[in-house]
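Counted the way the working numbering counts, the sequence shown spans residues 95 to 458. Glycine is no exception: its CB is placed at the ideal position from the N, C-alpha and C atoms. The structure displayed is predicted, hence computed values, not measured ones. This report refers to the structure that appears directly beneath it.
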Amino acid sequence: MAIVYGNTTTYGQKIGILMLDTHFPRVPGDVGNATSFPFPVAFRTVKEANSETVVLKQDPALIQPFCKAAQELEAEGCKCIVTSCGFMAIFQKEIAASVNIPVISSSLLQVQLVSAMLAPGKKVGIITAKASSLGEKHFAGVGISHVDKVVYGIEDTEFGQTFFNGIDHIDLDLAEKEMVKVAQKMLTEHPDVGAIVLECTNMPPFTKVLQQATGLNMNIVPHDGTAGSITDLLSGSFMIGGGHPSDVLPYVQSGQLKLIGVATQEREPVFPDVPTLIEQGIDFWAYGSIKGVAVPPETPDEIIAYNEELFRQICEDETFQETMANMGQPVMYQDTETFTQYFADANAFYKQLIEELGLAYYEQ
C-alpha cells in the first residue's frame, strides 16, 4: 500500500521566481517566461516593486514584501528563489536571511565565479539596464566590490527604454543590434575584458549573438545538475554543454538541441547516428552515468541473491526495455560480482584522471 502525505496546496515547482510588477514582453530565455525552463516554476509578483522603485529609487521598503513573497514560495515547496531583476542584488543578504533555501537575487552573483576563471589581468564586463543606477551597494550586496570590472548600460537604446517608459513591445532585431553595439563598444574601450555578465534578465535571449559578435572565449560554468545546464543551453546562455541521453532526448527530438558527439566508448542505441568522440579523433571517453542498487554490508546473502535475480528479470522484461528505450535510458544488467568490479574500475579510472589533471582527490 502506497501512502503519500502533503502539507501544501501545489506540488512539483522547483524554482520560485520573484517578479517585479512590470508589463513589457518577456521572450523565451527570459526568467519571466516559463518556457525558459524544462521544469515547473512558480511565479510570485511583488506589487510594490517595479522598474522605478527597484532600479531608480532602490527603495529599502521593498525588503519586507520581497522577504514575505520568498517565504511564501518556500512554504509552497520551492527549493530555490530567484528574481526577475539583477538590481535586486542590493537586497540579496536580507532575502537570503529570511528563508532556509538558496536565494539567487541577481546574475551579478556570477561575477566572482567568472572572474576566478579569467587569466590574470582580465576584467569582467557587466552589461546592465542602467549603468548610472548600478553601484557599490549592489556590488557589496553580492560580494563583488573587490572584483576588477567595467559596467556598461543600455539606457540610451530603444531596448533599454522599454523597461522605464511603459512600452509594451520589443523590436527583437533592433534590440539584438543595440546589445551587440554596446558589447563591442565595451571591448573596444576595454580590450582586457575577458568575459561578459548580463545583469538584466531580459538580456539572455541575446547571449548567442553576443558571443558570436565579441568572439570571447568559452567559460566552463558548473551546475548542480543536468536541469540547470540544459536550461542555459536552451536559453542561449551557453554555446555547448552535455547531458544524459534521457535528459536531452526530448529536446533533440523537438529540434531545440543538436548532438555533436557521444562521450562513451560505443554509440548510444538511442542516438545511433551520432558518432562517439573517439570516432571523431578525440581521445576521450567516460563510463557514463551508471545507476546501481546498494544494500547495507550486513545484508544476508540470500536477500542479496533474491534481489539480484529480481532485478535481472526486470531488466530482461521486454516491456521494461521498451519503456526505457523510449525514455532514452539504456539498460545494462550486471550481477553483484560484475558490478562491484565495474564500480572499482571506474573509481580507479577517475581517481587517476583527477590526479593527472591536478584536481583534488579525497580518499573515502
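Under three-state DSSP, which class holds residue i?
i, result
"Leu114", "strand"
"Leu292", "strand"
"Cys409", "helix"
"Asp262", "coil"
"Val276", "helix"
"Asp367", "coil"
"Pro390", "coil"
"Ile448", "helix"
"Val346", "helix"
"Val356", "strand"
"Val197", "strand"
"Ile334", "coil"
"Gln458", "With a pLDDT of 42 at Gln458, under the threshold of 50, the modelled position of that residue is not reliable, and the figure given next carries that caveat. Of the three classes helix, strand and coil, the one that applies to Gln458 here is coil, per DSSP."
"Asn311", "Summary for Asn311: the model assigns pLDDT 49, below 50, so the residue's position carries little reliability, and this model does not support an answer."
"Ile109", "strand"
"Asp326", "helix"
"Pro122", "strand"
"Val287", "strand"
"Tyr400", "helix"
"Gln428", "coil"
"Thr268", "According to the sequence displayed, residue 268 carries Leu and not Thr. Correct three-state label for Leu268: helix."
"Ser239", "coil"
"Lys302", "helix"
"Gly416", "Residue 416 is actually Glu in this sequence, not Gly. Residue state, collapsed to three classes: helix."
"Met297", "coil"
"Gln423", "coil"
"Pro154", "helix"
Could you tell me the boundaries of the alpha helix (DSSP H) in which residue i lies?
i, result
"Leu77", "Outside the displayed range of the chain (95 to 458) lies residue 77, so it cannot be described from this structure."
"Ala176", "Here residue 176 turns out to be Val, not Ala, going by the sequence shown. Where Val176 is concerned, there is no enclosing alpha helix (DSSP H), although the beta strand (DSSP E) it sits in stretches over Cys174 to Thr177."
"His232", "Glu230 to Gly235"
"Phe147", "Per the sequence shown, residue 147 should be read as Thr rather than Phe. From DSSP, Thr147 is part of no alpha helix (DSSP H); its letter is neither H nor E."
"Gln186", "Gln186 to Ser192"
"Gly465", "In this structure the chain extends from 95 to 458, so residue 465 is not present and cannot be described."
"Leu207", "Gln204 to Met211"
Mind checking which residues open and close the beta strand (DSSP E) that includes residue i?
i, result
"Arg138", "Val135 to Val140"
"Gln219", "A quick correction: the sequence has Gly, not Gln, at residue 219. Its beta strand (DSSP E) spans residues Lys217 to Thr222."
"Gly77", "No answer is possible for residue 77: the residues shown for the chain start at 95 and end at 458."
Compute the beta-carbon to beta-carbon distance between residue i and residue j, rounded to the nearest angstrom, for a pair I have assumed lies under 8 Å.
i, j, result
"Cys172", "Ile109", "6 Å"
"Thr251", "Glu272", "4 Å"
"Asp326", "Gly335", "7 Å"
"Leu167", "Arg120", "At roughly 18 Å, the Cβ-Cβ gap does not stay under 8 Å, so Leu167 and Arg120 are not in contact."
"Val135", "Gln107", "6 Å"
"Gln186", "Val236", "5 Å"
"Thr430", "Glu402", "6 Å"
"Lys345", "Leu371", "Sequence check: residue 345 is Tyr here, not Lys. 20 Å between Cβ atoms; not a contact."
"Ile264", "Gln255", "Actually they do not touch by this definition, with Cβ atoms about 10 Å apart."
"Gly288", "Ala213", "7 Å"
"Leu112", "Ile175", "6 Å"
Answer yes or no: do residue i and residue j have a C-beta to C-beta separation smaller than 9 Å?
i, j, result
"Val364", "Gly322", "no"
"Leu202", "Ile220", "yes"
"Leu268", "Gly247", "no"
"Ile238", "Val205", "yes"
"Met280", "Val303", "no"
"Met182", "Ser199", "yes"
"Gln278", "Ala307", "yes"
"Glu362", "Pro339", "yes"
"Pro299", "Gly123", "yes"
"Phe405", "Val387", "yes"
"Thr116", "Phe253", "no"
"Glu412", "Tyr427", "no"
"Phe118", "Asn296", "yes"
"Ala143", "Thr102", "no"
"Gly309", "Thr320", "no"
"Lys217", "Asp242", "yes"
"Glu249", "Lys231", "no"
"Ile324", "Leu351", "yes"
"Thr177", "Cys294", "no"
"Asp286", "Gly215", "yes"
Would you say the beta carbon of residue i comes nearer than 8 Å to a heavy atom of the ligand SAM?
i, result
"Gly180", "As for the ligand SAM, it is missing from this structure, which has no ligand bound."
At least three beta-carbon pairs within less than 8 Å, the stretch 179-195 to the stretch 159-171: Here the stretch 179-195 makes contact with the stretch 159-171; the two share three or more CB pairs at distances below 8 Å.
Would you check if there are 3 or more beta carbon pairs closer than 8 Å linking the stretch 347-367 to the stretch 431-444? With a cut-off of 8 Å, the stretch 431-444 and the stretch 347-367 do not count as touching, because too few Cβ pairs lie within range.
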